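Have a look at this one:
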């Protein structure tokens, strides 16, 4: 019984450390993209199934209401141009969100 | 490239155009779905788009959406969702609220309602019949090499071994044998009769998209069987699966497995998928040192091909598959003189066609023609007992579905079925110079009608009746069945069902474990058609924890009562096994509760408990049926990181003990087997086009230590018995697998 508990616990801790480690060692940037051609949940899933698994991508948040996708990425491994390229390859033309750029200025 | 740029410019144009339109008023609406059974419910996450624009919106989980109006002119708004028909409405400048109704495509053909990207398993909200759905995600939580291994996270179904020789797996539902569960392959009865003995290992788990387990009597559309339940498997679909899917698997018991599926969309209407499977259990193990192989050495080659032609006027499904499997088992030193050896060989071929013709746009009035053919051959010997069987089966079903009124509150499905089964069975036992010949032709012609009352979204009543004439019994069987669903509060559903079922018994192939004994097999003549009533009721309460965290709790109770049954009495004597007609009572009661909750995002806790009592009148009076587990309880914890890059699953299972037959009770000095725990864990790492999974089954290494009675002289000892199995015979299993997906351009 003890053995099993230990295995179960170590699995869980592994889950959390796997997450935590990602956050420690890299430089995370965030970009908000205007993405066209997204129609509903199917597109959202398609993006969520592909973009997060590209190199350097940490987090992806699809917002269908205002047709934007917020991407967190490791800026030592990828950049905005590459990310936009990935979106276009999937069939979703994208560009840096105007509202986000306006905010920065 | 140029083309893409051109398209891009158009997108930008429309994006700007869309922004301009944002100044206008909003329009709100709701999207509803009509599923295969005609049930209406909100369709979450469907999308709406203005015709000829890229301005769209998506509905929330309840089907509600808000979209900005394009301008002051009338425009067409299109609602759509994968697997459903689209709906277009003209929106006038004054309109503020609209309602869309989308119909599930190929309604008649795929009765079940499948949502593949959800929880590992859930209880269908819409189905009037209590239905537990195991999704592809649920199937990828465990090794799930085949159908038999797909129910470890379900208490509704328990899976056991029939004996310590054949490796045949048997399912039980409601505390009763798997023969009373009707197996469907995409709603066509499959793996019937002789093919059912080893049938659970004939469906590779990696070929499947989902499994639906419905409890209690099923609808009358598929025949008079399905006394305790129905299990429908949905394969990966020709039109929506990957162009290439490869699964490789290996474990420390030296089982290796490869599954490859490949889907190809030839054009808008025609698509096909190829399934292949090869597996081998290369090594013989004897963990409990009784001199017998714990699980047979197996080889299986299995391949199939399915086609889908989907047009507005007709939908055609067509497919075929063939399989060959061999098993070697018995004493581990098969070369010693007088060794007990077992060889089992199965060959199977089946083909089917389904043609669906919709007569109105929604498909709610439609005709379906279904035909299937199966050939199965089984050659086997268990020491001095041999069993050879062959089956040729032809099934056909014609269904007409329509409504009595324009609002479709009163609907009906009517049809006729015909089945032809030709069996050649020969059982011989050289020790007793005993044989049994089961050559027979069984023709069943039947007619059925099912009425569906659905006055509103909250209520369904399904009342069905079928009449069948069976050539073997020379009798007409009347099968009434009824199902009711009432959503009496927003998240509370009650269901009730009652119905009659019949099963034409297969005395050897359904009880293959009796061959793994040294005893004589005595069968009565004129074994009757098995007849039973099953009643049941359930209550499901869905609740919300946080924003998107759903939970549910459910309770169900089922009672099955047999009037006629082919009873296998292993306790009449320790010298023979007697198969005869039921004389007295035979019933079972089953209670179950399920609980599921997501305490935090992406973390699911599922717990379930089932208790059952099965009693039957045999030579020793009304006794608890031997080797039926009294309860099953399990907890499954499932956690995934975002986008399921990592997934962790852990299952703890408590399997209740069962009553042992008296001779086993004497030999092992206990009347009941002990309850035991099993633990399962798996880690899955997901990449863009690949999953790698590493898991362990039976972590605690629990095994039935004594599995064979009088193992010393199995060939000649009448009291040799390898059929008293209540726990795993195989110990801890560590496995590693990959799933590779090649994604196609959409």
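Chains as they are written, first to last, in my numbering: chain R, 24 to 128; chain X, 86 to 831. Glycine included, every Cβ here is placed at the ideal spot set by N, Cα and C. Predicted model only: the values in this text are computed from it and were never measured.
Quick check on DSSP: helix, strand or coil for residue i?
| i | result |
| --- | --- |
| residue 233(X) | helix |
| residue 558(X) | coil |
| residue 577(X) | strand |
| residue 285(X) | helix |
| residue 595(X) | helix |
| residue 108(X) | Confidence is the limiting factor: at residue 108(X) the pLDDT is only 42, short of 50, which leaves the residue's position unreliable, though a coordinate-based value still follows. Coil, per DSSP. |
| residue 73(R) | helix |
| residue 470(X) | strand |
| residue 148(X) | coil |
| residue 249(X) | coil |
| residue 544(X) | strand |
| residue 67(R) | helix |
| residue 747(X) | helix |
| residue 125(R) | Caution applies to residue 125(R), whose pLDDT of 47 falls short of 50 and renders its modelled position unreliable; the value that the coordinates give is listed next. It is helical. |
| residue 130(X) | coil |
| residue 635(X) | strand |
| residue 651(X) | strand |
| residue 315(X) | strand |
| residue 307(X) | helix |
| residue 680(X) | strand |
| residue 108(R) | helix |
| residue 33(X) | It is not possible to answer for residue 33(X), since the shown part of chain X is limited to 86 through 831. |
| residue 600(X) | helix |
| residue 713(X) | coil |
| residue 814(X) | coil |
| residue 141(X) | strand |
| residue 103(R) | helix |
| residue 384(X) | strand |
| residue 194(X) | Its pLDDT being 32, under 50, residue 194(X) is placed unreliably by the model, and the measurement read from it follows with that caveat. If DSSP states are grouped into helix, strand and coil, residue 194(X) belongs with coil. |
| residue 415(X) | strand |
| residue 81(R) | strand |
Rounded C-beta distance between residue i and residue j? I'm assuming under 8 Å.
| i | j | result |
| --- | --- | --- |
| residue 333(X) | residue 347(X) | Between residue 347(X) and residue 333(X) the Cβ distance is about 15 Å, and since that is not below 8 Å, they are no contact. |
| residue 591(X) | residue 279(X) | 7 Å |
| residue 758(X) | residue 745(X) | 6 Å |
| residue 85(R) | residue 71(R) | 6 Å |
| residue 315(X) | residue 267(X) | 5 Å |
| residue 295(X) | residue 319(X) | 5 Å |
For residue i, list the residues DSSP reports as bridge partners.
| i | result |
| --- | --- |
| residue 438(X) | 403(X), 456(X) |
| residue 258(X) | 242(X), 261(X) |
| residue 344(X) | 332(X), 362(X) |
| residue 769(X) | 732(X), 778(X) |
| residue 53(R) | 95(R) |
| residue 672(X) | 646(X), 700(X) |
| residue 616(X) | 587(X), 649(X) |
| residue 500(X) | 484(X), 533(X) |
| residue 117(R) | 58(R) |
| residue 461(X) | 433(X), 476(X) |
| residue 115(X) | 149(X), 184(X) |
| residue 567(X) | 548(X), 583(X) |
Nearer than 7 Å: is that true of the beta carbon of residue i relative to any heavy atom of the ligand ZN?
| i | result |
| --- | --- |
| residue 527(X) | Absence of the ligand ZN is noted for the structure shown, with no ligands found whatsoever. |
Does the structure place the segment 358-368 of chain X close enough to the segment 388-397 of chain X that three or more beta carbon pairs sit under 8 Å?
yes
Residues in the segment 48-70 of chain R having any Cβ partner in chain X nearer than 9 Å:
57, 59, 60, 61, 62, 63, 64, 65, 66, 67, 68, 69
Chain R contacts made by the segment 142-167 of chain X, where a contact means CB separation under 9 Å:
142, 143, 144, 151, 165, 166, 167
Three Cβ pairs or more, each shorter than 8 Å: is that satisfied between the segment 398-409 of chain X and the segment 439-448 of chain X?
yes
Selection of the segment 124-138 of chain X by Cβ proximity to chain R, strictly under 9 Å
129, 130, 131, 132, 133, 134
Using a Cβ-Cβ cut-off of less than 7 Å, list which residues of the segment 771-782 of chain X approach chain R; keep chain order.
772, 773
Which residues, taken in chain order from the segment 698-712 of chain X, show a beta carbon closer than 8 Å to some beta carbon of chain R?
none
May I ask you to list, following chain order, the residues of the segment 502-533 of chain X that have a beta carbon less than 9 Å from some beta carbon of chain R?
none
What residues in the segment 713-727 of chain X have a beta carbon less than 9 Å from any beta carbon of chain R?
722, 724, 725, 726, 727
Would you check if there are 3 or more beta carbon pairs closer than 8 Å linking the segment 527-537 of chain X to the segment 620-628 of chain X?
no
On the three-pair Cβ rule with 8 Å, is the segment 681-699 of chain X touching the segment 214-227 of chain X?
no
So if I threshold CB-CB distances at 9 Å, which residues from the segment 344-376 of chain X count as touching chain R?
none
Proximal residues, the segment 110-121 of chain R versus chain X, C-beta separation under 8 Å
111, 114, 116
Counting Cβ pairs, one atom from each stretch, are 3 or more of them under 8 Å apart for the segment 801-818 of chain X and the segment 298-318 of chain X?
no
Taking three-plus beta-carbon pairs below 8 Å as touching, is the segment 459-477 of chain X in contact with the segment 491-504 of chain X?
no
If we count Cβ pairs, one from each stretch, closer than 8 Å, do we get three or more for the segment 582-598 of chain X versus the segment 230-244 of chain X?
no
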